[in-house]
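Student:
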Amino acid sequence: MREELVEEELFAPGHRACAGCGATLAVRLALKALGKNVIVANATGCVEVISTPYPETAWRVPWIHAAFENAAAVASGVEAALKSLGRRGVKVVAIAGDGGTADIGLQALSGAVERGHDFIYICYDNEAYMNTGIQRSSATPFGAWTTTTPVGRVKRGKDRPKKDVPAIIAAHGAPYVATASVAYPIDLIKKLRKAAATEGPTYIHIHCPCPPGWRFDSDKMIEVARLAVLSGAWILYEIKNGRLNVTIKPPKRRPVSDYLKMQGRFKHLTDAEIAEIQRTVDERCRHLGVG
Amino acid sequence: MREELVEEELFAPGHRACAGCGATLAVRLALKALGKNVIVANATGCVEVISTPYPETAWRVPWIHAAFENAAAVASGVEAALKSLGRRGVKVVAIAGDGGTADIGLQALSGAVERGHDFIYICYDNEAYMNTGIQRSSATPFGAWTTTTPVGRVKRGKDRPKKDVPAIIAAHGAPYVATASVAYPIDLIKKLRKAAATEGPTYIHIHCPCPPGWRFDSDKMIEVARLAVLSGAWILYEIKNGRLNVTIKPPKRRPVSDYLKMQGRFKHLTDAEIAEIQRTVDERCRHLGVG
Amino acid sequence: MKSWRGPPVPVAARPSVGSSGRTSSWRIQKPVVNLKRCTRCRMCWIFCPDVAISFTKRGPAINHDYCKGCGICANECPAKAITMEAL
Amino acid sequence: MKSWRGPPVPVAARPSVGSSGRTSSWRIQKPVVNLKRCTRCRMCWIFCPDVAISFTKRGPAINHDYCKGCGICANECPAKAITMEAL
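Residue numbers (this note's numbering), protein chains in the order written: chain A, 1 to 291; chain B, 1001 to 1291; chain C, 2001 to 2087; chain D, 3001 to 3087.
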């Protein structure tokens, strides 16, 4: 593990993330992968809120607070400025949550990819608007309870599937797109380094469990993230110039109920509903060749 | 042809489209396909500007002018209202140009597809912002001159490929996505009828040559559109529940130069540049199985 | 005191033929149909962006109030039954 | 007349340890390491969202100023060398 991981911590302790925060771990690991020569544009969202209580910040790298919708646009501007100044060796990184990526910032991201800016976009996906109180985003998975997809006689949590942002960005023709998980840090770091070594727009989508939002105890954060991968509910892959490569293939997939049953947001699901989710996961795994 | 085509014209003559306007023909044909039981939400763009000089309009169906960015959001609201009123038999149709779809309205479209509204989204793609003076959009093809992708010693027209919006919407999991061309009206009408018969969000992307913007004589509008298909520069396909079907396969593909050389926007291209475009077209045709 | 009763004019536009006037005034050439050559294939009708061709048993009828003279009908006619002529 | 010289305070935030104070005050339990059981695999270190574990030759050292007591280190330790204890 040591060759992949540097000791230096570019995200400082004493930030105000909830205990067991997956998104914060994703950022810590991403900075380990990328090192100091970055400029970060960070959209409104959990990571921004927890990292920078002005006049102090946990970021030990240049960091710009962007609005909710425009991390990719700010990154585009910084990248164009660096290019026009002839400055090389600095990678521009946009960071946003699933709300700032799949919903509010999708258009800015789409435009930046189309224009071909040389930057990395990182989405830390905790599958809802967490710091405002667990409202559903388009990245919330099917069946999940949130405060805006309540559970009762009529509604059973979110009735729509998760928006597949990595596939959407791959459809833009970005040269490198990958999914990652905080439970697989070496895989995550390798993918970020590949993104950094790629010229042009690259996209890394990191699955980040959220103990208060997903309703599980904080010590189980990595276990939940790992079970998402082992069950096939979250598939780790990369798409390099249009070619798909699954990077972690679980030897024998665990039932998706093992993943769902750890989380209070899914506790209302009936056996029939879980079977339906299992069917969808099986189909997707077959489609991506996970087995 | 007669069984597919109704005599009734739901778009009235005497509108202010330029002579030989592909986008206007697309709308006329779309209304023939869909009939009177529609409510149209139409974003700002050529079609809106040319059809509705208040207090008169060329639309003989209920029609709402949406802002540039929110045709899909307005359509979403109308569809939700019809559903909550229990009104059936009316199809909601969002119509926007490539600017209003691939750039300014992409996020509203993405959200409407994710929420699963029962509506048809039609993009009339004339490959630039035409009514404001031929500014490049993300749907402008590689190499094309526009007023914002000028041609000189440094720049040679647009230096980025066309954003592939149908692929992006297919990656959202929309149940029916299709490309169409004004030169293939039966194919276009069949696809719109399939979209109308599909429950949920559907997307039709229509290639619409623009004589003043693409720099060719108005009488050649259909010829240019047809050559795009015959050369493989524009591929007619549908994606139904994730399965691709090419609907028009040219028996023997024409060289892409036949298509490019009809248009002033490509007149600066060198043989080497045309060969590069041919290579891209060949690769894409192979990928989609056009041959 | 009077309450506000909405705008003094309708906010909806009226569907109209000629919403932008007699648009044939834009043209510098006009289509002329030779009905003897016409095969009734309807290509001219289906491809007209100006909704300016109606179709009868005898063949196409050009609406000379709104035809802008784009020339698509003449270009697409497989029987060469339509020619564009100076006004 | 004086010209405006920009805001009276810096607009940039300072990178700081403890930007939100001594966050260990949030916790209700704390990790205790049994170095005899530790295999130096570094799992506790790599998975800590609070950047509150540093690694020495002897094993993990918990930063008790900023550890929020989430318990991930104890849960993930393959050697069961970390236990969570009441404060």
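Ideal Cβ placement from N, Cα and C applies to all residues, glycine included.
Specify the secondary structure class of B:D1187 as computed by DSSP and reduced to three states.
Tutor: helix
Student: Output the boundary residues of the beta strand (DSSP E) element that contains D:M3084.
Tutor: I3082 to A3086
Student: Taking 9 Å as the threshold (beta carbon to beta carbon), is B:P1150 in contact with chain A?
Tutor: no
Student: Determine whether the beta carbon atoms of A:C285 and A:H205 lie at a separation below 9 Å.
Tutor: No, Cβ-Cβ distance for A:C285 and A:H205 is not below 9 Å.
Student: Between the stretch 1026 to 1057 of chain B and chain C, which residues of the former have CB atoms less than 7 Å from a CB of the latter, in chain order?
Tutor: R1028, T1052, P1053, Y1054, P1055, E1056 and T1057
Student: Find the residues of chain D that neighbour A:L5, judging by a C-beta separation of less than 7 Å, and give them in chain order.
Tutor: I3046
Student: Does any residue of chain G bring its CB to less than 9 Å from the CB of A:A94?
Tutor: Of the chains in the structure shown, none is chain G; the protein chains are A, B, C and D.
Student: Tell whether a beta-carbon distance below 9 Å holds between A:R343 and D:V3051.
Tutor: Nothing about residue 343 of chain A can be reported from this structure: the residues present for chain A run from 1 to 291 only.
Student: What span of residues does the beta strand (DSSP E) with C:H2064 cover, start to end?
Tutor: Run containing C:H2064: none; DSSP gives neither H nor E here.
Student: What in chain C is Cβ-close to B:A1017, meaning under 7 Å?
Tutor: P2049
Student: Of all the residues that make up the stretch 2060 to 2074 of chain C, which are near chain B by a beta-carbon distance shorter than 9 Å?
Tutor: Result list: N2063, D2065, Y2066, C2067, K2068, G2069, C2070, G2071, I2072, C2073 and A2074.
Student: Work out the CA separation of A:G105 and B:V1040 for me, nearest whole Å.
Tutor: Per the coordinates, the alpha-carbon of B:V1040 lies some 27 Å from the alpha-carbon of A:G105.
Student: Check whether the Cβ atoms of C:V2032 and C:I2072 sit closer than 9 Å, and answer yes or no.
Tutor: Taking 9 Å as the Cβ cut-off, C:V2032 and C:I2072 do not qualify as a contacting pair.
Student: If you measure between the beta carbons of A:R136 and A:K163, is that distance less than 9 Å?
Tutor: no
Student: Please tell me whether A:I222 has its Cβ less than 9 Å away from any Cβ of chain D.
Tutor: yes
Student: For a contact defined as C-beta to C-beta under 8 Å, what are the partners of C:T2023 on chain B?
Tutor: Result: P1013, G1014, H1015 and R1016.
Student: Taking B:L1236 as part of the beta strand (DSSP E), name the residues at either end of that continuous run.
Tutor: Note, B:L1236: premise wrong, no beta strand (DSSP E); not H, not E.
Student: Compare the C-beta of A:L106 with all C-beta atoms of chain B and state if any pair is closer than 9 Å.
Tutor: For A:L106, a Cβ of chain B is located within less than 9 Å of the residue's own Cβ.
Student: Where do the N-terminal and C-terminal ends of the beta strand (DSSP E) with A:D125 fall, by residue?
Tutor: F119 to D125
Student: Please classify B:R1279: is it buried, with 16 or more other beta-carbons within 10 angstroms of its beta-carbon, or exposed?
Tutor: exposed
Student: Would DSSP call C:K2030 helix, strand or coil?
Tutor: strand
Student: Can we say the stretch 1176 to 1193 of chain B touches the stretch 1017 to 1027 of chain B, given the rule of at least three CB pairs closer than 8 Å?
Tutor: yes
Student: Residues of the stretch 1219 to 1249 of chain B with a CB closer than 8 Å to any CB of chain C: list them in chain order, please.
Tutor: Per Cβ criterion, the list reads D1219, K1220, M1221, I1222 and E1223.
Student: Quick one: give me the first and last residue of the beta strand (DSSP E) that D:N3075 is part of.
Tutor: From DSSP, D:N3075 is part of no beta strand (DSSP E) but of the alpha helix (DSSP H) over I3072 to E3076.
Student: Could you tell me whether the stretch 1182 to 1194 of chain B touches the stretch 1107 to 1115 of chain B, using the rule of 3 or more Cβ pairs below 8 Å?
Tutor: no
Student: Can you tell me which of the three DSSP states B:S1084 falls into?
Tutor: helix
Student: For a cutoff of 9 Å on Cβ pairs, would you count B:W1214 as touching chain C?
Tutor: no
Student: Grab me the residues of B:K1191's own chain with a C-beta within less than 7 Å of its C-beta, minus the 5 sequence neighbours each way, in chain order.
Tutor: Cβ within range, chain order: A1178, A1180, I1204 and E1238.
Student: DSSP puts B:A1171 in a beta bridge; with which residues?
Tutor: Per DSSP, B:A1171 has no beta bridge partner at all.
Student: So what does DSSP say about B:L1005, is it helix, strand or coil?
Tutor: Note: B:L1005 maps to coil in three-state DSSP.
Student: Tell me, please, whether the CB atom of B:R1160 is closer than 9 Å to any CB atom in chain A?
Tutor: yes
Student: When the Cα of A:R193 is compared with those of A:R253, A:C18 and A:Y121, which residue comes out closest?
Tutor: The closest CA to that of A:R193, considering only A:R253, A:C18 and A:Y121, is found on A:Y121.
Student: Kindly indicate which residue of B:E1056, B:A1073 and B:N1037 has the alpha-carbon position closest to the one of B:R1088.
Tutor: B:N1037
Student: D:R3016 CB to nearest chain A CB: under 9 Å?
Tutor: Checking the displayed sequence, the identity of residue 3016 of chain D turns out to be Ser instead of Arg. It does: the Cβ of D:S3016 has a partner Cβ on chain A nearer than 9 Å.
Student: Mind reading off the beta-carbon distance from A:A171 to B:I1168? Whole number of angstroms is fine, and I expect it under 8 Å.
Tutor: 5 Å
Student: Within the same chain, show all residues whose beta-carbon is closer than 6 Å to that of B:P1250, passing over the 5 residues directly before and after it, in chain order.
Tutor: Once the five neighbours on either side are set aside, the close Cβ partners of B:P1250 are L1230.
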